[in-house]
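Undergrad: Residue numbers (our numbering): 482 to 817.
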Amino acid sequence: MNRAHVVTSHTISPDMVIAQRVIETEIKGLKLLMETLDDRFTHAVDTIDQMRTKREGRLIVAGIGKSGHIAKKIVATLASTGTPSYFVHAGEASHGDLGMITESDVVLLISNSGGSPELSDLMAYTKRFGIPLIAMTSNSESALARHADIVLLLPKAPEACPNGLAPTTSTTMTLALGDALSVALLERRGLTPEQFGVFHPGGKLGQKLMAVSDIMHKRDSLPFVKTSAHMDQAILALTEKNLGCALVMDEQDQLAGIITDGDLKRHMSPDLLQKPVTAIMTRHPRTVAETALALEALKIMTQTQGKYVTSLIVVDAQGRLTGLIRLQDCLQKGVA
Numbered sequence: 482m483n484r485a486h487v488v489t490s491h492t493i494s495p496d497m498v499i500a501q502r503v504i505e506t507e508i509k510g511l512k513l514l515m516e517t518l519d520d521r522f523t524h525a526v527d528t529i530d531q532m533r534t535k536r537e538g539r540l541i542v543a544g545i546g547k548s549g550h551i552a553k554k555i556v557a558t559l560a561s562t563g564t565p566s567y568f569v570h571a572g573e574a575s576h577g578d579l580g581m582i583t584e585s586d587v588v589l590l591i592s593n594s595g596g597s598p599e600l601s602d603l604m605a606y607t608k609r610f611g612i613p614l615i616a617m618t619s620n621s622e623s624a625l626a627r628h629a630d631i632v633l634l635l636p637k638a639p640e641a642c643p644n645g646l647a648p649t650t651s652t653t654m655t656l657a658l659g660d661a662l663s664v665a666l667l668e669r670r671g672l673t674p675e676q677f678g679v680f681h682p683g684g685k686l687g688q689k690l691m692a693v694s695d696i697m698h699k700r701d702s703l704p705f706v707k708t709s710a711h712m713d714q715a716i717l718a719l720t721e722k723n724l725g726c727a728l729v730m731d732e733q734d735q736l737a738g739i740i741t742d743g744d745l746k747r748h749m750s751p752d753l754l755q756k757p758v759t760a761i762m763t764r765h766p767r768t769v770a771e772t773a774l775a776l777e778a779l780k781i782m783t784q785t786q787g788k789y790v791t792s793l794i795v796v797d798a799q800g801r802l803t804g805l806i807r808l809q810d811c812l813q814k815g816v817a
C-alpha cells in the first residue's frame, strides 16, 4: 500500500509536463523582457506622469484581439493605482470612438505584430492632433513602431504554444510590462494607503460596489433633441455636451432613441444635416437600472453580442430616464 502511494506520488502526467514547459517558456520570456528594458521605459513613464500632473488628460490604452484583452486588464490596474485611464477598442475607434480621445490625452497602443490594419486610423488621429503615442510591440520595423513617439519593444521570445502561433509568452510579457508601468507611476505619485483606499472602498479591487447612480451623468446634464428635429440640431446638441451621444425624445417626453458619434460616421453623406433624427437614431437603446451596480453596467457594455456599446440609458424603478452611464466613466472609476 505504501509502495503504491510512493510510486503514484512520483508519477508526472503528460499534462503536468506540458504545464511545466509552458510556465518555463513564459518565465524565460519575462527574464528576457527584464534584461532588454531601456531608457524608453523611463521616457514613457515621464510622458504619462506629465499628462497626469496636468489633471486634464487620461491614458488611453488601445488594442485589438488578444492585445485588446490585455489592454483592458492594464487599464484596470492603472485606474486602480491612481492613473486616469480607459480602454478604446482599436477597431471601434474608426467608427466614432475616436471622439473619446482628447488632445490632452496620451495613447498607449498595444499590438505584438504592430501591423494590424485596424490600427491605422488611431495612429493617424494621434498624429493629426499631436497626441503622444506610446507603442507596445515586438516588431521594431512595423508601422506602429515607425509612427510612435515612444516604442516599448517586447523581445522576440518563443510562444509557449507548440505551433508558435497562439499568443502566450507575448501576452504574458505585455501584461507584465503594463504592470511595470502602473507600479512605476504609483511610486512616482507616492500613493499612500489612505489614497489607495479611495480607489478600493472596503478593500475591494476596483470600485465594484459603486451604484450606477454614483457614476452616471444625471438627466439635467444630458443632450436632448425632439423627434421632429433634423440632424443639424442633433449635431449641435451632441457637440455642446461632449458626451458622445444625443438622446431623442418624443412629444410625450419619452425616450425614442439615441444618436452616437458612431452613428454619424456610419451615416455620413452630403445631405446628413438635412435628414430627420429618426432616420439616424438607434431605437430601443440598452438600459440599466440606476440602483444596479456599476459593474453590471460595465458587463452589459462589454458583453453585448454583435455590437460594441459605450453608453447605457439609466432608468428608475418606473422605467423613466434618469441619466446616462458610459464605458469610460466606469473605467475611470476603476470598475473592472
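All C-beta atoms, glycine included, are put in the ideal place defined by N, C-alpha and C. These numbers were taken from a predicted model, which means no experiment stands behind them.
#1: Count Cβ pairs between the segment 539-553 and the segment 655-665 that sit closer than 8 Å; are there 3 or more?
#2: Alpha carbon to alpha carbon, how far is Ala560 from Ala458? Give it in angstroms, no decimals.
#3: In terms of alpha-carbon separation, which member of Ile716, Thr763, Glu777 lies closest to Leu753?
#4: So, is Phe613 buried or exposed, given that buried needs 16 or more other C-beta atoms within 10 angstroms?
#5: Could you check whether Ala778 and Ile806 sit closer than 7 Å to each other, using their CB atoms as the reference points?
#6: Give me the residue from Val816, Cys726, Leu666 with the minimum Cα distance to Val790.
#7: Between Asn620, Ser619, Val569, Gly538, which lies nearest to Leu603 when the distance is taken from Cα to Cα?
#8: Are Leu812 and Tyr606 touching if we call contact CB-CB under 7 Å?
#9: Which first and last residues belong to the beta strand (DSSP E) in which Phe568 is found?
#10: Report, in whole angstroms, the separation of the C-beta atoms of Thr768 and Ala692, which I expect to be a contact under 8 Å.
#11: Output yes or no for whether 7 Å exceeds the beta carbon distance between Gly544 and Ile591.
#12: Quick check on the burial criterion: 16 or more other C-beta atoms within 10 angstroms. Buried or exposed for Pro533?
#13: Determine whether the beta carbon atoms of Leu646 and Ile615 lie at a separation below 7 Å.
#14: Have a look at Glu618 and Gly596 and give me their C-alpha separation to the nearest angstrom.
#15: Straight-line CA distance for Asp519 to Leu662?
#16: Let's see if you can read the secondary structure: which residues bound the alpha helix (DSSP H) around Ser561?
#17: CB-CB under 6 Å to Ser594, same chain, minus the five flanking residues each way: which ones, in chain order?
#18: Throw me the rounded Cβ distance for the Lys756 and His576 pair, which I believe falls under 8 Å.
#19: Tell me, which residues are paired with Pro757 by DSSP?
#20: Glu516: buried (16+ other C-beta within 10 angstroms of its C-beta) or exposed?
#21: Just reading off the beta strand (DSSP E) that Leu703 is part of, what are its end residues?
#22: With a cut-off of 8 Å, do at least 3 Cβ pairs link the segment 719-736 to the segment 697-706?
#23: Measure the C-alpha to C-alpha separation of Ile555 and Val542 and round it to an integer number of angstroms.
#24: When you compare the CB positions of Leu666 and Thr564, do they come within less than 7 Å of one another, or not?
#25: For Asp797, which residues in the same chain have their Cβ closer than 7 Å to its Cβ, ignoring the five residues on either side in sequence?
#26: Grouping DSSP H, G and I as helix and E and B as strand, with all else coil, what is Leu646?
#27: Starting from Gly804, trace the beta strand (DSSP E) both ways and give me its first and last residue.
#28: Starting from Val632 and walking both ways along the beta strand (DSSP E), at which residues does that stretch end?
TA: Answer, in terms of the structure:
#1: yes
#2: Nothing about residue 458 can be reported from this structure: the residues present for the chain run from 482 to 817 only.
#3: Ile716
#4: According to the sequence shown, residue 613 is Pro rather than Phe. With 16 or more Cβ atoms within 10 Å of its Cβ, Pro613 is classed as buried.
#5: yes
#6: Residue nearest to Val790 within the set Val816, Cys726, Leu666 is Cys726 (criterion: CA-CA distance).
#7: Val569
#8: no
#9: 566-570
#10: About 15 Å; that fails the 8 Å criterion.
#11: yes
#12: The residue you asked about is not Pro; residue 533 is Arg in the sequence shown. Looking at its Cβ environment, which holds 16 or more other Cβ atoms inside 10 Å, Arg533 is buried.
#13: Contact: no.
#14: What sits at residue 618 in the sequence shown is Thr, not Glu. Cα-Cα distance, rounded: 10 Å.
#15: So the two alpha carbons sit approximately 13 Å from each other.
#16: 547-561
#17: Asn620
#18: Rounded, the Cβ-Cβ distance is 19 Å, inconsistent with contact.
#19: For Pro757, which the question treats as bridged, DSSP gives the partners His711.
#20: exposed
#21: No beta strand (DSSP E) holds Leu703; DSSP gives it neither H nor E.
#22: yes
#23: 8 Å
#24: yes
#25: Glu771, Thr803
#26: Judged by DSSP in its simplified three-state form, Leu646 adopts coil rather than helix or strand.
#27: Gly804 -> beta strand (DSSP E) spans 802-807.
#28: 631-634
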